[in-house]
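Take the UniProt record's numbering: the final residue in the sequence shown is number 74, and no numbers are missing along the way.
Ideal placement from N, C-alpha and C gives every residue a C-beta, glycine not left out.
Worksheet: the structure to be examined is printed underneath.
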Amino acid sequence: MLSPPLQQPVPVREDGTAEVPPVETSFLRKYWMFVLPIVILLILPSEAVAGGSAEHDSSSESAPNAALAARQIK
Numbered sequence: 001m002l003s004p005p006l007q008q009p010v011p012v013r014e015d016g017t018a019e020v021p022p023v024e025t026s027f028l029r030k031y032w033m034f035v036l037p038i039v040i041l042l043i044l045p046s047e048a049v050a051g052g053s054a055e056h057d058s059s060s061e062s063a064p065n066a067a068l069a070a071r072q073i074k
């Protein structure tokens, strides 16, 4: 037969009053300094982080044009 879980005794101070356990803080309150930079990086456009050359990359534009030019020559 299973026994019921035992409760921990209440901690008592020297003057006889019950010691109040500290209040648990929330996850965001504890780790906001780690969450905030991640959120900022996710909100920023990827071009601003990468240097702004994602849309104007010449290699991505020349590859379809080279294939089209090869088809037109034949």
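Below 8 Å CB to CB, which residues in the same chain sit around residue i once its five sequence neighbours on both sides are set aside?
i: V10; result: A18 and E19
i: V12; result: A18 and E19
Assuming contact is defined by CB atoms lying nearer than 8 Å, are residue i and residue j in contact in what I supplied?
i: V35; j: L41; result: no
Going by DSSP in three states, residue i sits in which element: helix, strand or coil?
i: V12; result: strand
What is the rounded straight-line gap between the Cα of residue i and the Cα of residue j?
i: T25; j: Y31; result: 10 Å
i: P22; j: I43; result: 35 Å
i: G16; j: P4; result: 28 Å
Skipping 5 residues on each side, what residues in its chain have a beta carbon closer than 6 Å to that of residue i?
i: V39; result: none
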